[in-house]
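Okay, structure first, notes after.
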Amino acid sequence: MQTLSIKGDKTKMYICSEAYKLFAEKGFKEVTMQDICRKTDLSRGGLYRHYENTAQIFSAVISGMMAEQEDEFSEKIHSSMPAAQILDDVLNRYEEEMLDSGNSLSVAIYEYFSSPGISQYDDSILQQYLYSKKMWTELITYGMRTGEFKIVDPAAVFDLIVFSYQGVRMYSRLMPVHRDIPRGITGQIRNLLLSESEIR
143 MQTLSIKGDK TKMYICSEAY KLFAEKGFKE VTMQDICRKT DLSRGGLYRH
193 YENTAQIFSA VISGMMAEQE DEFSEKIHSS MPAAQILDDV LNRYEEEMLD
243 SGNSLSVAIY EYFSSPGISQ YDDSILQQYL YSKKMWTELI TYGMRTGEFK
293 IVDPAAVFDL IVFSYQGVRM YSRLMPVHRD IPRGITGQIR NLLLSESEIR
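When we follow the working numbering, the leftmost residue of the sequence shown carries the number 143, and every step to the right adds one.
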């Protein structure tokens, strides 16, 4: 029985992994269960054994992303890594992600959560926002304490970062985004946070 359960879990993970690619490519509304059958090579019955509809699959994709979102700053802070280095690492990654339109779920997330029947009951995006806010507030406070960061309002700076990042990821699906745009954004974030001695 346990073997069947493990096999079922692996199939679900595979469905979500393949469905992610479709949602990134087509958005949420345009993806059908038939598309997912074709993508996964599962029969209709095989797919419906695990999920009833695309909304259920998309919700599982989002839940999986949140489960994987580890607190990437805490461990580095506790090991006394310089705040400036932690910031540099994450902003470099953000630059690459902002340009990676083919792997972005921004449009699909907007379509999914703007559906009235879903937005009333699913607050996973809010939970993700609050979790990220906690992470960034901890990093910014740490940087101010070590003197590497200027004295700022951590919550306001976080909002500036997250909404700039998500905005570019959304626009990158709708128009060409030149590398100078994310580079300019991350440069301004560095200027806003880093003390004079840390700016290179």
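Note that CB positions come from ideal geometry on N, CA and C, so glycine has one too. The model shown is predicted, which means the values in this text are computed figures rather than measured ones.
In angstroms, rounded to a whole number, what distance separates the CA positions of residue i and residue j?
i	j	result
Gly188	Val173	18 Å
Ala226	Tyr190	48 Å
Glu253	Ile157	20 Å
Gln198	Thr288	45 Å
Met155	Lys149	10 Å
Gly326	Arg180	41 Å
Val203	Ser339	42 Å
Gln176	Thr153	17 Å
Glu280	Tyr271	14 Å
Ser216	Ser159	28 Å
Ser314	Ile303	16 Å
Asn195	Ala161	12 Å
Ser201	Tyr193	11 Å
Phe170	Ser337	42 Å
Lys168	Phe255	16 Å
In the DSSP assignment, the alpha helix (DSSP H) including residue i goes from what residue to what residue?
i	result
Pro296	296 to 313
Gly329	322 to 335
Met223	Per DSSP, Met223 belongs to no alpha helix (DSSP H) and is neither H nor E.
Thr288	266 to 288
Glu253	248 to 255
Asp183	Neither: Asp183 is in no alpha helix (DSSP H) and is coded neither H nor E.
Under 8 Å, do residue i and residue j count as touching if we go by C-beta distance?
i	j	result
Val299	Ile323	no
Ala166	Gly259	no
Leu335	Lys292	yes
Leu241	Arg321	yes
Thr328	Glu237	yes
Tyr284	Ile331	no
Ser266	Met312	no
Could you check if residue i is buried or exposed, using at least 16 other CB atoms within 10 Å of its CB as the buried criterion?
i	result
Leu268	exposed
Glu214	exposed
Met317	exposed
Tyr273	exposed
### Query
Counting pairs of Cβ atoms below 8 Å between the stretch 234 to 252 and the stretch 179 to 187, do you hit three or more?
Short answer: they don't touch.
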